[in-house]
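Numbering (my numbering), first residue to last: 18 to 442. Note that the Cβ used here is the ideal one computed from N, Cα and C, for glycine as well. Please read these numbers as outputs of a predicted model, since none were measured by experiment. Data first, discussion second: the structure below is written as structure tokens.
Pasting the structure below:
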């Protein structure tokens, strides 16, 4: 038997290291060729590392959340034949350890397991009834008289009798407890919950956390929200979807919003920009590369629709679908995930009333459409039902003034409320 050492390969794009996200094997496992052993994450993607050989796992190097350098050992296997380790067939190559070869981050202490201890209702207290302000407590005249004599407000005394009737024993218990509502908490039908689950923030979630923290720390955000009458656009969208060709995708609001952006942005080059705040340079882009904030099973990813200015609504919809699917399936390329100049973020049908989106650093603006709902509005002195949507937005106040941002959003609003103008030069 020999020893085979699997080392982190070069996963391309100049990557020097990758984060171990999840192990799919453990020491002692018999695995076969092409079996997934570990997921590692680079700056742009999560990559499955499969075994090139069949054998038994004898050592793993690193833990989830730790960084591994390209060329460093990840997995050691006992294999038929000589293997690839310079040894006599039994010895480990260099580091016969279960500990990480080159840990970067200090492993967090193993969380103490704290099992939830639901408290059975019967073990807490017998059923009690506690009255609120204005309620008249049920009690016998003798109990009432004793309460008056002792200066006790019977509304504060939990009753354990039928329908919450306060008994002499209830009154005695209340007085013995010093006038405290000893049974108030115990009389509830709800059991308290205990226990704390510790979840290590690693992989994509860690990158999202770092990115959000970086954006909020470095960018002085300001938010602006405007309501838009989407009735005409929704009528147009319904018509286009009804009459679309088989090779055309179904349209949602996003391609129309993208169309509005590319028409308005040339007049506001300071918004279609990336700010290198360390160099003190704002890079204003002629091309409009729109980031599409996409929820995936692992967390938020922002693939990019490149050159949105050169796409019609159908092509924009197709490209949004393509890059979003690639992000969700972890198949997005580096180009799919980099270079956006402005971002759209949407919660779709969950869009709510308004949001305060976080700018995708180093961009300087982000747009967030909210849910479209029918609302009564005043038009020409009459109350009519219209399909209304709030459009949220955030901007980097270092390079975008509030007046410019408001004017920018007002022009988008004008285009969306008169959708024919979206297609006019």
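The segment 300 to 317 makes no contact with the segment 237 to 257; the number of CB pairs closer than 8 Å stays below 3.
Cβ neighbours of residue 369 within its own chain (closer than 8 Å, five residues either side excluded): 387, 388. With respect to the 9 Å criterion, residue 422 and residue 410 are classified as neighbours on the basis of their beta carbons.
The beta carbon of residue 376 sits closer than 8 Å to the beta carbons of 232, 236, 238, 360, 382, 383, 411, 412, 413 from its chain, once the five residues preceding and following it are set aside; these are given in chain order. Per DSSP, the beta-bridge partners of residue 86 are 34. In its chain, beyond the 5 residues on either side, 25, 33, 34, 119 have a beta carbon closer than 8 Å to the beta carbon of residue 86.
Taking all protein chains shown into account, residue 69 has fewer than 16 neighbouring C-beta atoms within 10 Å of its C-beta and is therefore exposed. Around the C-beta of residue 230, fewer than 16 other C-beta atoms lie within 10 Å, and the residue is accordingly described as exposed.
Spanning the alpha carbons of residue 40 and residue 74 requires a straight line of approximately 12 Å. A residue is called buried once 16 or more other Cβ atoms fall within 10 Å of its Cβ, and residue 287 is buried on that count.
Residue range 53 to 58 is occupied by the beta strand (DSSP E) that includes residue 54. Distances from the alpha-carbon of residue 255 to those of 273, 52, 242, 396 put 273 closest. Contact check for residue 290 against residue 380 passes: the beta carbons are separated by less than 9 Å. Secondary structure within the segment 250 to 312: the beta strand (DSSP E) runs of 3 or more consecutive residues, fully enclosed, are 290 to 293, 298 to 301, 307 to 309 (chain order). The C-beta distance from residue 321 to residue 365 rounds to 19 Å, too long to meet the 8 Å contact threshold. The C-beta distance from residue 319 to residue 271 rounds to 14 Å, too long to meet the 8 Å contact threshold. Assignment of residue 428 by DSSP, reduced to helix, strand and coil, places it in the helix class. A contact between stretches requires three or more CB pairs, one per stretch, nearer than 8 Å, and the segment 323 to 332 fails this requirement with the segment 342 to 349. Straight-line measurement puts the Cα of residue 210 at about 29 Å from the Cα of residue 182.
Residue 196 and residue 153 have their alpha carbons spaced roughly 19 Å apart.
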